[in-house]
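Engineer: Following UniProt numbering, the numbering of the sequence shown begins with 1 at its first residue and continues without gaps.
Backbone N, C-alpha and C define an ideal beta-carbon position, used for all residues, glycine too.
After the structure tokens below, expect a handful of questions from me.
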Amino acid sequence: MGWCRGSEEHRAAYRDNFMDNRRIHLSEGSAACGLGLVCGLLLLATRHYFVQQAVVTHLLAFSADSFFTFLLPPVIFYAGLSLEKKMFFAYLGPILALGIVGTGIAFLLTAAFLWAGFAGFRLLRLQDCLALGAIFSATDSVATLQVLNADTQPLLFSLVFGEGIINDATS
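Next comes the structure, spelled out in structure tokens:
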């Protein structure tokens with residue numbers, strides 16, 4: 001009967017491992033997007049049951065003023081608070097070089113390539129190429145930071161995180 005007990009232990013270990021692997025791990029950003037999606041869909045599905053439909057329509061409408069006034073400052077404030085200041089100031093030179101000089105170079109190269117590529121077709125004016133260069137050069141490093149681990153690669157994480165903050169401020 002010893003083989004049965006060992007077999008039961010193996011089955012229990014497999015079951016525990018299987019249940020651990022079935023958990024869904026979401027980052028904070030993914031959870032916030034999912035929660036916003038669910039709340040928006042609930043509002044859309046139940047908007048006909050509200051007495052004042054104008055309130056629901058106003059809640060679902062996007063306002064740039066509200067975004068810049070209420071939503072963007074907490075995000076920037078959180079990024080500043082979560083920054084490891086010791087690593088940021090220790091590598092301030094490379095961070096500023098990547099954030100300011102790198103953004104400027106990316107802006108100029110993108111605008112120049114757009115101007116060289118579309119000038120013959122007369123599709124884009126110089127102002128359009130400069131505007132698109134400014135938009136395209138303002139890359140965000142959120143996806144890169146999701147992959148990096150601050151504990152295993154603190155230098156690379158602080159460089160990318162600091163460059164992202166300086167890049168956002170430059171843009």
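Between which two residues does the alpha helix (DSSP H) holding Asp128 run?
Structural biologist: The residue given as residue 128 occupies position 128 in the sequence shown. Leu126 to Ser137 is the extent of the alpha helix (DSSP H) around Asp128.
Engineer: Three or more C-beta pairs closer than 8 Å, one from the stretch 101-118 and one from the stretch 136-151: is that the case here?
Structural biologist: yes
Engineer: Leaving out five residues on either side along the sequence, give the residues of the same chain with a beta carbon under 6 Å from the beta carbon of Phe50.
Structural biologist: For this step, residue 50 is matched to residue 50 along the sequence shown. Val56, listed in sequence order.
Engineer: Between Gly99 and Asn167, is the Cβ-Cβ spacing less than 7 Å?
Structural biologist: The sequence position of residue 99 within the sequence shown is 99, counting from 1. The sequence position of residue 167 within the sequence shown is 167, counting from 1. Closer than 7 Å, so yes.
Engineer: State the start and end residues of the unbroken alpha helix (DSSP H) segment that holds Val142.
Structural biologist: Here residue 142 refers to the residue found at position 142 of the sequence shown. Run containing Val142: Val142 to Val147, per the alpha helix (DSSP H) assignment.
Engineer: Taking the straight line between their C-alpha atoms, what separation do you get for Ser27 and Arg125?
Structural biologist: As a position in the sequence shown, residue 27 is number 27, starting the count at 1. As a position in the sequence shown, residue 125 is number 125, starting the count at 1. Cα-Cα distance, rounded: 42 Å.
Engineer: If we count Cβ pairs, one from each stretch, closer than 8 Å, do we get three or more for the stretch 34-48 versus the stretch 114-130?
Structural biologist: Taking 8 Å as the limit for Cβ pairs, the verdict is that the stretch 114-130 does not touch the stretch 34-48.
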